[in-house]
Amino acid sequence: MANQAVGFIEAEGFVPIFDAVDAMAKATDVEIRGVIKVGGGLVSVAIAGDLATVEEAADIGEETARAVSGRAVSSIVFASPSPPVAALGLDPQAVLPS
């Protein structure tokens, strides 16, 4: 994971995120690391890969989720993630309390 970018997309509900995952996987070689139920109806997906791929996938995923939900969608890409952020990209469940 040392040389990989990490990205996260967050939307309201599973359907927009699942549609975003489908669109990103079909259009790019991004690695889908996991889908997380954040709370309050929000769902996030963690993605990883080279920077250009993660940026392209995040754009596609955000656009797709917004088109499906009609609501605000957030995304962020870390070109050179710190170790804690890189770890979340490997295991997004780590953000959830046990």
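Residue numbers for the sequence shown follow our numbering, so the first one is 3 and each next one is one higher.
Where is the CB? At the ideal position from N, CA and C, for every residue including glycine.
1) For S76, which of helix, strand or coil comes out of DSSP?
2) Could you compute how far the alpha carbon of V47 sits from the alpha carbon of V79?
3) Considering only DSSP beta bridges, list what V115 is partnered with.
4) What does the Cβ neighbour count give for G41, buried or exposed, with the cut at 16 atoms within 10 Å?
In brief:
1) Reduced to three states, the DSSP call for S76 is strand.
2) Answer to the nearest angstrom: the Cα atoms are 12 Å apart.
3) One cannot answer for residue 115 here, as it falls past the ends of the chain, which runs 3 to 100.
4) So G41 ends up on the exposed side.
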